[in-house]
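**Q** Dumping the structure here so I can ask a few things about it.
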Amino acid sequence: MTTAAYTVEELMACAVSRELREGELGFIGLGTGGRAFVMAVGIPTVAIRLAQLRGVDFIAQYGVKLEPLIEEAPACFTDADLLDWRCRAMIPVEDALDMFRRGMMDWGFVSGAQIDPYGNLNSVCIGEQKHPKVRLVGPIAQTDHCAHARHTMIILPHDRRAFVERVDFISGLGFGDGPGYRERFQHRGGGPGKVVTTLAVLGFNEKTRRMQVESLHPGVTRGEVETNTGFALAFPDPIPTTIPPTAEEIQLIRTRIDSKGLFLQAKVC
Amino acid sequence: MTLREAVALIKDGDSVAVGGHTLRRHPMAIIHEIIRQGRRNLKLLGWNSGIDMDMLIGAGCVASVETSYIGISAFGLALNFRRAAEGGRLKVIEHSETTGIDMFRATAMGMSFFPTKTPLGSDLMQANEHLAEVTCPFTGERYAAVKAARPDVAILHAHTADQYGNVQLDLQRWHDNSVDAILAKAARTVLVTVEQIVSDEEVLRNAHLTVLPRKFVTAVIEAPYGAHPTACDSRYDYDLEEVGKYYEASKSGDAFKGYLEERVLAPADHWAYLDAVGLERLMALTRQRVVR
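Written out as structure tokens, the structure reads:
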């Protein structure tokens, strides 16, 4: 296997793609502009297509649209072009979201403004909900992803503003305050699966339910991750390195999957 | 009924469900007229909202919002919403997308609540007085009950209707807007603007396109480009130039007053608004011209 020069977004897409399995279904929601779009939409999209090109039958659901032809994604995200984007099914939104509640969704791809050690997410506010310091967009479908998906794939830029000891508002339930919390509500979804960041791949300890490092991206140090995380993290010993993209993967991303830079560079005309 | 007469049915303090989704097919012509008529203390309900609610908040019409999202898509946060919430002047009742739909679904199905597991264990249970925990009588499983919403008024924009108020949508449309018909079925008074009022013959020939039979509809008003600057499925795109102008103005309260004066208050009605936007811009957004 040969390796090639790659960007961190390409590395993240490859890391996510290695988690996707035959026959699974994954839900990608709304992306606001720029970096948030790359995290919420771009990286999962490229990851899914990479898995499909490896022969994995993975179904992507973008809200009401199922299985859009990713390589035909419109270069301009005008609404009419998005509506014309060919896909295999478009269903009423209440039916699309009920697929979560039915327990059919294997992966929910989510992001947020804050995450805590137990994988709880916040996209509602910084400070008090009734009188916030910063008001954010609201829970959107994050609450549904986190309650019902078999597991969530959380994709975030890694910094201290996002990785906090306690989120100011739980709009997406992770493991609550630790062991036993989630189970009390008999949710069908298993909660946080992986956290893929700009520095590392993280998972959750089965006993303590706390976030822990699984691998550091090539060239990233333990100190760098600790400096950029607002809570204590456990590290394995020795610490594995995230598998870098292969030359084949990079070629597929740049020539077929995302040749216009739409997904990983948020180049939208 | 004129748009002015229809909007006069909305009273200060009413609860108003607003159709549309992100930057898609919000009933903007009705919203402009609500601002012209100076309604106050409205309680807005929706499931996925944007410039529709942000504009009403910025115009001082709103006491509370109940939805899952208020943002200006790729532009970012909704800044009038942000200022009002951060200033403690706006009550925000938090929903997920599904519970935001469930509150209308319950009423549309003739029920007083809708059971769901979605918000259990999250802070939505505390930040939404219309959620309460219940137990399934058959399995003993824990659920949240979403209280049925019965808005005083629902406002939405659709493609066509006949003179009797049978409302139709084109086949080629976003299925995110399927909720429009559900929230209409939940409200006491339902006001619908349409791109075009069509002949009886047109509706009789294409009855499968009717999403709201007239029994659910109080008034239909013809308002071409009535969703502008939001998109209207395959008919016209969103007007990013206009949304950008809006977003810039919404960065300060004073600048936003200027925007409202120019775009909403100075034009006497929807036709004057369209004149102000200009035919060239509207034609550039148009993807499909339908002659019936």
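Heads up: the sequence lines are chains V and A, in that order. So for the first sequence, our numbering puts the first residue at 1; every next one is plus one. So for the second sequence, our numbering puts the first residue at 1001; every next one is plus one. Each residue gets a CB set at the ideal place from its N, CA and C atoms; glycine is no exception.
Can we count Asp144(V) as close to the ligand FMN, meaning its CB is less than 8 angstroms from some heavy atom?
**A** Although the ligand FMN was asked about, the structure shown includes no ligands whatsoever.
**Q** So if I threshold CB-CB distances at 8 angstroms, which residues from the stretch 127-141 of chain V count as touching chain A?
**A** Under the 8 angstroms Cβ criterion, the stretch 127-141 of chain V contributes Gln129, Lys130, His131, Pro132, Lys133, Val134, Arg135, Leu136, Val137, Gly138, Pro139, Ile140 and Ala141.
**Q** Hey, could you find the ends of the beta strand (DSSP E) Cys125(V) is sitting in?
**A** Looking at the DSSP string, the run of the beta strand (DSSP E) that includes Cys125(V) is Cys125 to Gly127.
**Q** Out of Asp57(V), Leu53(V) and Val64(V), which has the shortest C-alpha to C-alpha gap to Asp1176(A)?
**A** Comparing Cα positions, the closest option is Val64(V).
**Q** Three-state secondary structure (DSSP) at Cys14(V)?
**A** Reduced to three states, the DSSP call for Cys14(V) is helix.
**Q** Between Asp1123(A) and chain V, is the shortest Cβ-Cβ distance under 9 angstroms, so that the two count as touching?
**A** Yes, Asp1123(A) lies at the interface with chain V (some Cβ there is under 9 angstroms from its Cβ).
**Q** Mapping DSSP to helix, strand and coil, what is Met1(V)?
**A** Because the pLDDT of Met1(V) is 47, which lies under 50, any placement of that residue in the model is unreliable, and the number read from its coordinates should be weighed accordingly. Three-state result, Met1(V): coil.
**Q** Count Cβ pairs between the stretch 1179-1198 of chain A and the stretch 1212-1227 of chain A that sit closer than 8 angstroms; are there 3 or more?
**A** The answer is yes - the stretch 1212-1227 of chain A touches the stretch 1179-1198 of chain A, with three or more Cβ pairs under 8 angstroms.
**Q** Can you tell me whether Asn1041(A) is buried or exposed, with buried defined as 16 or more other CB within 10 angstroms of its CB?
**A** Exposed is the call here.
**Q** Quick one: grab the DSSP three-state call for Ala1106(A).
**A** Note: Ala1106(A) maps to helix in three-state DSSP.
**Q** Whose C-alpha, out of Glu1222(A), Gly1244(A), Gln1288(A) and Val1264(A), is nearest the C-alpha of Met1001(A)?
**A** It is Glu1222(A) whose Cα lies nearest to the Cα of Met1001(A).
**Q** When DSSP labels each residue in this structure, what does Phe169(V) get in the three-state scheme?
**A** Three-state DSSP puts Phe169(V) in coil, outside helix and strand.
**Q** Between which residues of its own chain and Pro117(V) is the CB-CB distance below 6 angstroms, once the five residues before and five after are set aside?
**A** Cβ neighbours of Pro117(V) beyond the five flanking positions: Arg210, Met211 and Phe231.
**Q** At a CB distance below 7 angstroms, what residues from the stretch 47-81 of chain V approach chain A? Give them in sequence order.
**A** Answer in chain order: Gly63, Val64, Thr78, Asp79 and Ala80.
**Q** If you measure from the beta carbon of Pro192(V) to each beta carbon in chain A, is any gap under 9 angstroms?
**A** Pro192(V) does not count as touching chain A.
**Q** If we cut at 9 angstroms on Cβ distances, does His1175(A) have a partner in chain V?
**A** It does; some Cβ of chain V falls within 9 angstroms.
**Q** Would you call Gly1087(A) buried or exposed, if buried means 16 or more other Cβ atoms sit within 10 Å of its Cβ?
**A** Exposed, because fewer than 16 other Cβ atoms sit within 10 Å of the Cβ of Gly1087(A).
**Q** Check for me: the alpha helix (DSSP H) holding Gly1058(A) runs from which residue to which?
**A** Per DSSP, Gly1058(A) belongs to the alpha helix (DSSP H) from Ile1051 to Gly1058.
**Q** Against chain V, with Cβ distances strictly below 9 angstroms, would Asn1048(A) count as a contact?
**A** Answer yes: the Cβ-Cβ gap between Asn1048(A) and chain V drops below 9 angstroms somewhere.
**Q** Check the Cβ of Ser1250(A) against every Cβ in chain V and list those closer than 8 angstroms, keeping chain order.
**A** The premise fails here: Ser1250(A) is roughly 13 angstroms from chain V at the closest Cβ pair, so nothing lies under 8 angstroms.
**Q** In whole angstroms, what separates the C-alpha of Gly23(V) from that of Ala1008(A)?
**A** So the alpha carbons of these two residues sit roughly 54 angstroms apart.
**Q** Along the chain, where does the beta strand (DSSP E) containing Trp107(V) start, and where does it finish?
**A** First-last of the beta strand (DSSP E) with Trp107(V): Trp107 to Val110.
**Q** Quick check on DSSP: helix, strand or coil for Arg1292(A)?
**A** Because the pLDDT of Arg1292(A) is 49, which lies under 50, any placement of that residue in the model is unreliable, and the question is left without a value.
**Q** Is there a C-beta anywhere in chain A that falls below 9 angstroms from the one on Pro92(V)?
**A** Closer than 9 angstroms to some Cβ of chain A, the Cβ of Pro92(V) qualifies, so yes.
**Q** Any idea what DSSP makes of Asn1206(A), helix, strand or coil?
**A** Note: Asn1206(A) maps to coil in three-state DSSP.
**Q** Examine the Cβ distances between the stretch 105-115 of chain V and the stretch 35-52 of chain V and report whether three or more of them are shorter than 8 angstroms.
**A** Result yes; three or more Cβ-Cβ pairs closer than 8 angstroms.
**Q** Suppose the cutoff is 8 angstroms on Cβ atoms and the five residues either side in sequence are ignored; what does the same chain contact list for Pro74(V) look like?
**A** Contacts found: Asp81, Leu82, Asp84 and Trp85.
**Q** What's the C-alpha gap between Arg184(V) and Arg1024(A)?
**A** Rounded to the nearest angstrom, the two C-alpha atoms are 39 angstroms apart.
**Q** Name the one or two DSSP bridge partners that His1021(A) has.
**A** DSSP output for His1021(A) lists Arg1024(A) as bridge partner(s).
**Q** Give the straight-line distance between the Cα atoms of Leu69(V) and Thr152(V), rounded to the nearest whole angstrom.
**A** Taking the straight line from one Cα to the other gives about 23 angstroms.
**Q** CB Ile48(V) to CB Ala40(V), shorter than 9 angstroms?
**A** Not closer than 9 angstroms, so no.
**Q** Are the C-beta atoms of Pro1027(A) and some chain V residue less than 9 angstroms apart?
**A** No, Pro1027(A) lies away from the interface with chain V (no Cβ there is under 9 angstroms from its Cβ).
**Q** Would you check if there are 3 or more beta carbon pairs closer than 8 angstroms linking the stretch 3-14 of chain V to the stretch 237-250 of chain V?
**A** Touching, yes, given that three or more Cβ pairs across the two stretches are closer than 8 angstroms.
**Q** Would you give the residue range spanned by the alpha helix (DSSP H) that Gly34(V) belongs to?
**A** Where Gly34(V) is concerned, the enclosing alpha helix (DSSP H) stretches over Gly34 to Phe37.
**Q** I want to see whether chain A comes within less than 9 angstroms of Gly33(V), judged by CB atoms only; does it?
**A** By this cut-off, Gly33(V) is an interface position.
**Q** Do you know how far the Cα of Cys1061(A) is from the Cα of Asp1014(A)?
**A** Roughly 11 angstroms separates the two Cα atoms.
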